[in-house]
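In what follows, a single structure is set out as structure tokens and then discussed.
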Amino acid sequence: MGKKLNAHDKFIFILTPTVIIIVFVIFLIIFNYVSKHG
Numbered sequence: 630m631g632k633k634l635n636a637h638d639k640f641i642f643i644l645t646p647t648v649i650i651i652v653f654v655i656f657l658i659i660f661n662y663v664s665k666h667g
């Protein structure tokens, strides 16, 4: 674990949770829309 994170690893480490949150929000919006208009 002594290995330092390079820029690519840091980018993935920041990007992955952001993508998960964005996908989750989009899913909630779609689900909300379908439940209102379905």
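Here the sequence shown stands for residues 630 to 667, numbered as in our numbering.
Ideal placement from N, C-alpha and C gives every residue a C-beta, glycine not left out.
{"query": "By how many angstroms is the C-alpha of K632 removed from the C-alpha of N661?", "result": "44 Å"}
{"query": "In whole angstroms, what separates the C-alpha of F640 from that of F656?", "result": "24 Å"}
{"query": "State the start and end residues of the unbroken alpha helix (DSSP H) segment that holds N661.", "result": "636–666"}
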